[in-house]
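Protein chains in written order, with our numbering: chain A, 2 to 368; chain B, 60 to 200; chain C, 185 to 605.
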Amino acid sequence: MSLKTEPLVVNIGPQHPSTHGVFRLRVTLDGERIIDAEMIVGYLHRSIEKLAEERTWTQNIPFTDRMDYLAAMTGNLAYCSAVEKLAGIEVPERAQYLRVIFAELQRIASHAMANGTFINDCGAWQTPLMHMFREREKILDLFEMTCGARLTLNYMRIGGVAFDIPDEFMPALEELMDELPDRIAEYEDLLLDNEILLMRGRDVGVLPAEMAINASISGPMLRGSGVAWDIRKADPYAVYDRFEFDIPVGHNGDSFDRFLVRMEEVRQSVRIIRQAMGQLPPGPFCATVPLNVRPPAGEVYSRIESPKGELGYYLVSDGGPTPYRYKVRPPSLINLSALKQMMIGTSISDAVVTLGSIDINVGEIDR
Amino acid sequence: MIIVTRNLLHAVLLLILSFVGIAGVFITLSADFVAVVQVLVYAGAIAVLMIFAVMLTPASGRRNEGNILQLPALVLSALLIAGVSYIVVQTDWREAARGPFQTTAADIGDALVQPFALPFEIASVLLVVALIGAIVLVRED
Amino acid sequence: MLASWYDFRDFGNAVGRLVEALRDAGASDHIIYPVTALIGCLGVLVFVGGATLINIWLERRVIGRMQSRLGPNRYGPFGLLQPVADAIKLIQKEALTPRAADAIVFTIAPVVIFVPAILAFAVFPWGKEMVLADLNVGVLYLLALGSTSAIIVFMAGYASNNKYALLGSMRVVAMLISYEVPSVLAILGVTTFAGSMSLRDIVEFQRTHWVFLLFLQPLALLIFLIGSTVELNRSPSDIAEAESEIIAGYHIEYSGMKFGMFYAVELVNSLGVSGIIAALFLGGWWTFGLEKFVPGWMLFIGKMYAVYFLFIWFRGTLPRFRIDQLMAFAWKFLLPLAIVNFFAAALEVLIWREYEISAGIVLPIFAVVNFALAGALIAGWGRVMFQQFQRFPRRARLVSGIEVPELPYPAAPHPATEPVA
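#1: What's the call for Lys234 (chain A), buried or exposed, on a 16-neighbour Cβ count within 10 Å?
#2: Using CA atoms only, rank isn't needed, just tell me which of A:Lys341, A:Leu356 and A:Asp69 is closest to Asn373 (chain A).
#3: Can you find a C-beta in chain B that's less than 7 Å from the C-beta of Ala328 (chain C)?
#4: Against chain C, with Cβ distances strictly below 7 Å, would Phe92 (chain B) count as a contact?
#5: Can you confirm whether Asn293 (chain A), when its beta carbon is compared against all beta carbons of chain C, has any partner nearer than 7 Å?
#6: Determine, for Val374 (chain C), whether the minimum Cβ-Cβ distance to residues of chain B falls below 7 Å.
#7: Closest by CA to Tyr327 (chain A), which one among A:Arg34, A:Ala83 and A:Asp247?
#8: Give, in chain order, every residue of the segment 440 to 466 of chain C whose Cβ lies closer than 7 Å to some Cβ of chain A.
#9: Using a Cβ-Cβ cut-off of 7 Å, state whether Ala193 (chain B) counts as contacting chain C.
#10: What does Asp351 (chain A) touch in chain C if you count any residue whose Cβ is under 9 Å from its own?
#11: Look at the Cβ atom of Phe92 (chain B), then the Cβ atom of Val315 (chain C), and state whether they are nearer than 7 Å.
#12: Around the C-beta of Thr87 (chain B), are 16 or more other C-beta atoms found within 10 angstroms, so that it is buried, or is it exposed?
#13: What's the gap between the Cα of Ile657 (chain C) and the Cα of Leu451 (chain C)?
#14: Spatial neighbours of Pro282 (chain A) within its chain, please: C-beta separation below 6 Å, excluding the five flanking residues on both sides.
#15: Measure how close the beta-carbons of Gly76 (chain A) and Leu312 (chain A) come, nearest whole angstrom, since I'm counting them as under 8 Å.
#16: Which residue wins for smallest C-alpha separation from Asp247 (chain A), given the options A:Asp236, A:Tyr238 and A:Gln269?
#17: Can you list, in chain order, the residues of its chain whose CB lies under 7 Å from that of Thr471 (chain C), leaving out five sequence neighbours each side?
#18: In the DSSP assignment, what residue or residues form a beta bridge with Leu483 (chain C)?
#19: Just curious, the alpha helix (DSSP H) that Asp183 (chain A) is in, first and last residue?
#20: Between the segment 117 to 143 of chain A and chain C, which residues of the former have CB atoms less than 7 Å from a CB of the latter, in chain order?
#21: Gly299 (chain A) bridges to which residues according to DSSP?
#22: Which same chain residues, not among the five before or five after Ser333 (chain A), have their C-beta less than 6 Å away from its C-beta?
#23: If we count the other Cβ atoms within 10 Å of its Cβ and call it buried at 16 or more, is Asp270 (chain C) buried or exposed?
#24: State the Cα-Cα distance for the pair Ala163 (chain A) and Met157 (chain A), rounded to the nearest angstrom.
#25: Report back the beta-carbon spacing between Ala277 (chain A) and Val101 (chain A) to the nearest angstrom; my notes put them in contact at under 8 Å.
#26: Could you tell me the alpha carbon to alpha carbon distance between Leu591 (chain C) and Ser303 (chain A), rounded to whole angstroms?
#27: Starting from Leu242 (chain C), find everything on chain B with Cβ-Cβ shorter than 7 Å and list it in chain order.
#28: So that I know if they touch, is there some Cβ in chain A lying closer than 7 Å to that of Val268 (chain C)?
#29: Do you know how far the Cα of Asn253 (chain A) is from the Cα of Phe244 (chain A)?
#30: When you compare each of A:Pro221, A:Ser358 and A:Ile197 to Leu582 (chain C) by their alpha carbons, which one comes out closest?
#31: Write down the C-beta distance between Gln401 (chain C) and Ala529 (chain C) rounded to the nearest angstrom, noting that I regard them as a contact closer than 8 Å.
#32: Between Thr59 (chain A) and the rest of its own chain, which residues show a CB-CB distance below 8 Å, the 5 nearest in sequence each way excluded?
#33: Around the C-beta of Trp394 (chain C), are 16 or more other C-beta atoms found within 10 angstroms, so that it is buried, or is it exposed?
#34: Nearest-angstrom Cα distance between Leu274 (chain C) and Ile302 (chain C)?
#35: If Glu415 (chain C) sits next to Tyr363 (chain C), beta carbons under 8 Å apart, how far is it from one beta carbon to the other, in whole angstroms?
#36: What's the call for His17 (chain A), buried or exposed, on a 16-neighbour Cβ count within 10 Å?
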C-alpha cells in the first residue's frame, strides 16, 4: 500500500540556529525524510580573494583571520608559509616553534567549539558548549596575552611572528597543558557512554572512505572515515617532523566518529605542544623581511592541516608589490561537497547532526 | 457552526468543542467517569485521528464551496436541537432532592468484569485484530 | 472538629469556618458552594501566577549554574525581577499574525492552551482539607487534560501556516499519542495499589500505610517521569520544539505576548506534572509525620519543586532523541515495562487482599520485590538496547603514520556530480 504524498520543500537557513552562520540548505522532505537537498552558499561573500589582489603581501594577513574566524592562527600560518615558500624566506627556529605552539592551541580551541556545537546540534541545550567554551576561553586568554587580540589575531608575519611571547605566557601554558588532559577525560566520561548521543551520532551521516577520498575531503572528516591522512605527517611544514604524535582515525565514518577523532586530536595537540615547549630554542622571533616584500615572479601552492582540513593557498606573483592571484582552498567548502550524499534518505534531525559534525565555517566557505 | 463552516479544519475543531460540551452534559448527569473518558477518548484520541484524516484530505486547504450536503445537515441539526429542547423543557430538574452524587467508576468496573465480561472480552479481541491488521497493512515488504 | 480560621497550616480550615459562618447566617447551598469554589480558584490562580514568575527565574538560574555561568542577576536581588522585566518586554512587542495564517485559530491557540494547564491544579491535594475539587476520577481527569493539549498544539502549528510549525505539530501529535499509553499503564499500577483514582485517597493510602508509593512503584515513577518529559516537550524529548532542528516548532510564528503564553504554559505544565508526581509517588502533603510541624501545603510545594528541579536538570544535561528513536523507545521499551509493572502490581494487590496479610508485613516485601524487578528489567533491557553501540570501541583508533586505503583506478567521479538515485 503506498500513498502518493506531496513533497515539502523547506529552507534550512540562512537564518537557522544550526547552520553555524548564514549557510542555506534547501531540502525536499517526504514526511521527515530528506529526498533532495541543495546547498546554497554565498551569503557571507566578502570578495576577499579579489580584494587581496589590491593589497600588499603583508596587508593581506588580516584577511586570513577573517576567513576561518574560529581558527585565525592556522589561517595566518597557511598564508605566511605560502608567501615564504614563494619568496624563499628562511624562518628562524624560534618562530617556527612558536607557530607550532599557537597553531596547535588554535586547533584545540577550534575543536572545542566544533564538538560543543555538535552536541548542541544533537539537542543538548548549550551545556556542553558552555563547558567547552571554558577551555577555549583560556586559550583565547593566552592569545590576548601574546598579541592583544582574541579572535582575529593577525599574529604571524611573513618571516616569523609579530611578537615574542611574554614572560607570564609559559607558566600559564604549562598550567593549561596540565589541566587539559583531565578535562578531556572528564568530557569522555560524560559523553562517550551517553546512549542518546550514541543514538544520534552512530550510523548517522556515514561517509565511506572511498567517497571521502573521491570528494577530496580532508581533516577530521577524512580521518573519521578511517583514512589516516594528516598533512602534518604527509607533507610536514614548520617543524612538525620533529614531533611525535599519532593520527586518530574513526571506525565507521559516521558523525560520532568525527566527534571522537576531534576529541582525540585535542589530546594529540597537547602532546605536540608539550614537546614544542621543551624544545623551544632562544633566538630571533622573526626574520628580517622588508615590510613591502616582493616575491619573485612565479606561483606556489602551500598547504597546512588546519583544524577543519587541508587549508591551501595558491599564490601567483608577477614580481609586483601585490599578489597577481590569491586563491584559497577552503577545507569547509570542500568538506561540504559530500553533504548531499550523506543526507539523502535520512531525516531532518539527522541532517542537522551531520552538518554539525562536518564543522563548517561560513566565513571560510564564502570568503 | 460545524456544518456551516466551509473550512474543514475549523469544522473538526468545533466538533472537538462539542465533544467537550458533551462531557459537560455527562457531568450534569453525575456520570463523572464517563465525562472524563469522553474527554480522554474523544477530545484526546478520536480528535487526533480526525485531524490526521483532514491532513490526508486533498481538499482540506480549499474552500469547499460546492458542498451540497450543507442544507440537509442544517435541517437535521435543527430537528435535533428541537428534540433536545423539548426534553429539556419536560425534564424534572430538581436534582438536589435526590441526594448526593453516586460515584460511578467502581460500579462500571464491576459491571465490566462480572455481567458484561464476555462483551468486554470480545471488544478487546476486536481491538487486537484491528491492531494486527493495521500492522500488516503498513508493513513494508 | 474544625480548627480556628487563622490556622494556616491548612487553608481548608479557614474555608471550613467560612462555610459554617455562612450557614449560620442562613445562606443556602446555592450561595455557599460558589463562594467557596471561587475562593479556591482564586487561591490556585494566585499560586500558579506567582509560581510561573518564580519558575522563569529558577529555570534560568539553575541552568546557568549547570552551564558554569551566572544566569540573570541584574534586576532586583539575585535577578528575581528578571521575569517581570521579560514579561514587560514581551507585552510591549508587536504580536504579529502572518498574512497566510488562519487568524482565528492562530489567536485562540495561545489562550486555550492555558486551560488544561491550570485545570490540572484543581485536583491537587494541597493539604488534608485543602483540595479544591476532590474528583473520584482525579487521576483519569489529569490524563484527560494531558491528552487535550495535543489538539491545542496542533491548532497553533497548523494555523501558523509555516512548514517548521507543521513539522513540529505533527511531531507533537504523534509523540503524545504514543506516550499516553505507557504513562497511563504506569499510573494504573499506582491506582491499583491505592484502590482509588482520587488523588486525595491516594495520599490517604500512603498516610495510612506509612509509605510513599515511590517505594512500591519505582518502575511506574520512572516510566511516568519519562512520559511526562515527552508530554511537557522538555529535554530529552523536546523534539517538537527542537531549537536546533525545527527552531521552535509549533510556536515559531508567534511573537510578543502570544509567544510569552506558550513559554509560560510550558512552565505551568512542568509544575503541574511535578505536582502529579509529588501527589502520586511522594505522598502529597504527608511526609512521615513532618506535616505536624510544617504546613502540609508547604511540604507539597516543596516536593513539587524537588521534582521540578529534576526536570530542569534533565534539560541542562541531556541531548535530544530523534523522533523515530523516541517512538521506538515508547513502544519497544517503556510499554513492555509498564505492562510488566502493572501485572506485578495487580498480582501483589491480589495476594495482599486475598490472604488478608497485614500491610506492615507485606508492603516492605513488595517494595523490595518491586525494586528488584525494576532493577533487573532496566538492566536487562538496557543491555539489549546498548548492544548496538558496542560494535565499535569508545575511542578513536590511533595510527602513527600515513595509512591510505588502495582505491580502484580510475577513481569514481566526484560524488557531488553524481546523480542521486
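Each residue gets a CB set at the ideal place from its N, CA and C atoms; glycine is no exception.
Let me lay it out:
#1: Position 233 of the first sequence, counted from the start, is the residue given in the question as residue 234 (chain A). Buried is the label assigned to Lys234 (chain A), since at least 16 other Cβ atoms lie within 10 Å of its Cβ.
#2: For residue 373 (chain A) there is no data in the structure shown, the boundaries of chain A being 2 and 368.
#3: On the third sequence, residue 328 (chain C) is found 144 positions in, with the first residue counted as 1. At least one C-beta of chain B is nearer than 7 Å to the C-beta of Ala328 (chain C).
#4: For the purposes of this step, residue 92 (chain B) is taken as the residue at position 33 of the second sequence. Yes, Phe92 (chain B) counts as interfacial toward chain C.
#5: Position 292 of the first sequence, counting from 1, holds the residue named residue 293 (chain A). No, its Cβ sits nowhere closer than 7 Å to a Cβ of chain C.
#6: Counting from one through the third sequence, the residue named residue 374 (chain C) turns up at place 190. By this cut-off, Val374 (chain C) is not an interface position.
#7: Reading the first sequence from its first residue, position 326 is the one you call residue 327 (chain A). Tyr327 (chain A) has its Cα closest to that of A:Ala83, out of A:Arg34, A:Ala83 and A:Asp247.
#8: For the segment 440 to 466 of chain C, which is checked against every Cβ of chain A, not one residue is closer than 7 Å.
#9: Numbered from its first residue, the second sequence carries residue 193 (chain B) at position 134. Judged by the 7 Å Cβ criterion, Ala193 (chain B) is not in contact with chain C.
#10: Residue numbering aside, residue 351 (chain A) sits at position 350 when the first sequence is read from its first letter. Within 9 Å Cβ-Cβ: Arg506.
#11: Counting from one through the second sequence, the residue named residue 92 (chain B) turns up at place 33. Counting from one through the third sequence, the residue named residue 315 (chain C) turns up at place 131. The Cβ atoms of Phe92 (chain B) and Val315 (chain C) do not sit closer than 7 Å to each other.
#12: By one-based count along the second sequence, residue 87 (chain B) stands at place 28. By the beta-carbon neighbour count (other beta carbons within 10 angstroms, threshold 16), Thr87 (chain B) is exposed.
#13: Shown here, chain C extends from 185 to 605; a query on residue 657 (chain C) therefore has no answer.
#14: Taking the first residue of the first sequence as 1, we reach residue 282 (chain A) at position 281. Leaving aside the five residues that flank Pro282 (chain A) on each side, the residues in its chain whose CB is nearer than 6 Å to its CB run, in chain order, Glu94 and Arg95.
#15: Taking the first residue of the first sequence as 1, we reach residue 76 (chain A) at position 75. Taking the first residue of the first sequence as 1, we reach residue 312 (chain A) at position 311. Correct: roughly 7 Å between the Cβ atoms.
#16: Position 246 of the first sequence, counted from the start, is the residue given in the question as residue 247 (chain A). Answer by Cα proximity: A:Gln269.
#17: Residue numbering aside, residue 471 (chain C) sits at position 287 when the third sequence is read from its first letter. Excluding positions up to five away in sequence, the list reads Leu483.
#18: As a position in the third sequence, residue 483 (chain C) is number 299, starting the count at 1. According to DSSP, Leu483 (chain C) bridges with nothing at all.
#19: Walking along the first sequence from the start, residue 183 (chain A) turns up at place 182. Boundaries of the alpha helix (DSSP H) around Asp183 (chain A): Phe170 to Leu192.
#20: Flagged, chain order: Ile120, Asn121, Asp122, Cys123, Gly124, Ala125, Trp126, Gln127, Thr128, Met131, His132 and Arg135.
#21: Position 298 of the first sequence holds residue 299 (chain A). The bridge partners DSSP lists for Gly299 (chain A) are A:Ser318.
#22: Locating residue 333 (chain A) in the first sequence gives position 332, where the first residue counts as 1. For Ser333 (chain A), where only same-chain residues beyond five positions count, the Cβ hits under 6 Å are Lys309, Ile361, Asn362, Glu365 and Ile366.
#23: Here residue 270 (chain C) refers to the residue found at position 86 when the third sequence is read from its first residue. Taking all protein chains in view, the Cβ of Asp270 (chain C) is crowded by 16 or more other Cβ atoms within 10 Å, so the residue is classified as buried.
#24: Residue mapping note: residue 163 (chain A) aligns to position 162 of the first sequence, counting from 1. Residue mapping note: residue 157 (chain A) aligns to position 156 of the first sequence, counting from 1. Cα to Cα, the separation comes out at about 6 Å.
#25: Residue 277 (chain A) sits at position 276 when you count from the first residue of the first sequence. Residue 101 (chain A) sits at position 100 when you count from the first residue of the first sequence. Sure, about 5 Å apart at Cβ, within 8 Å.
#26: Here residue 591 (chain C) refers to the residue found at position 407 when the third sequence is read from its first residue. Here residue 303 (chain A) refers to the residue found at position 302 when the first sequence is read from its first residue. Whole-angstrom Cα-Cα distance: 25 Å.
#27: Within the third sequence, numbered from 1, the residue matching residue 242 (chain C) stands at position 58. Ordered by position in chain B, no residue passes the 7 Å Cβ test against Leu242 (chain C), which lies about 30 Å from the chain.
#28: Within the third sequence, residue 268 (chain C) is the residue found at index 84, counting from 1. No, its Cβ sits nowhere closer than 7 Å to a Cβ of chain A.
#29: Position 243 of the first sequence, counted from the first residue, corresponds to residue 244 (chain A). Position 252 of the first sequence, counted from the first residue, corresponds to residue 253 (chain A). For Phe244 (chain A) and Asn253 (chain A), the distance between alpha carbons rounds to 28 Å.
#30: Position 398 of the third sequence, counting from 1, holds the residue named residue 582 (chain C). Considering only A:Pro221, A:Ser358 and A:Ile197, the residue with the shortest C-alpha distance to Leu582 (chain C) is A:Pro221.
#31: As a working note, residue 401 (chain C) is residue 217 in the third sequence. As a working note, residue 529 (chain C) is residue 345 in the third sequence. Yes, they are in contact, since the Cβ atoms of Gln401 (chain C) and Ala529 (chain C) sit about 7 Å apart, within 8 Å.
#32: Reading the first sequence from its first residue, position 58 is the one you call residue 59 (chain A). Sequence-distant partners of Thr59 (chain A) (beyond 5 residues in either direction) whose C-beta falls short of 8 Å from its own C-beta, in its chain, are Arg158, Ile159, Leu292, Asn293 and Val294.
#33: Counted from its first residue, the third sequence places residue 394 (chain C) at position 210. Under this definition Trp394 (chain C) is an exposed residue.
#34: Numbered from its first residue, the third sequence carries residue 274 (chain C) at position 90. Numbered from its first residue, the third sequence carries residue 302 (chain C) at position 118. Leu274 (chain C) and Ile302 (chain C): Cα-Cα distance of roughly 21 Å.
#35: As a first step, residue 415 (chain C) must be located in the third sequence, where it is residue number 231. As a first step, residue 363 (chain C) must be located in the third sequence, where it is residue number 179. About 6 Å; that satisfies the 8 Å criterion.
#36: As a working note, residue 17 (chain A) is residue 16 in the first sequence. Note on His17 (chain A): 16 or more other CB atoms within 10 angstroms of its CB, so buried under the neighbour-count rule.
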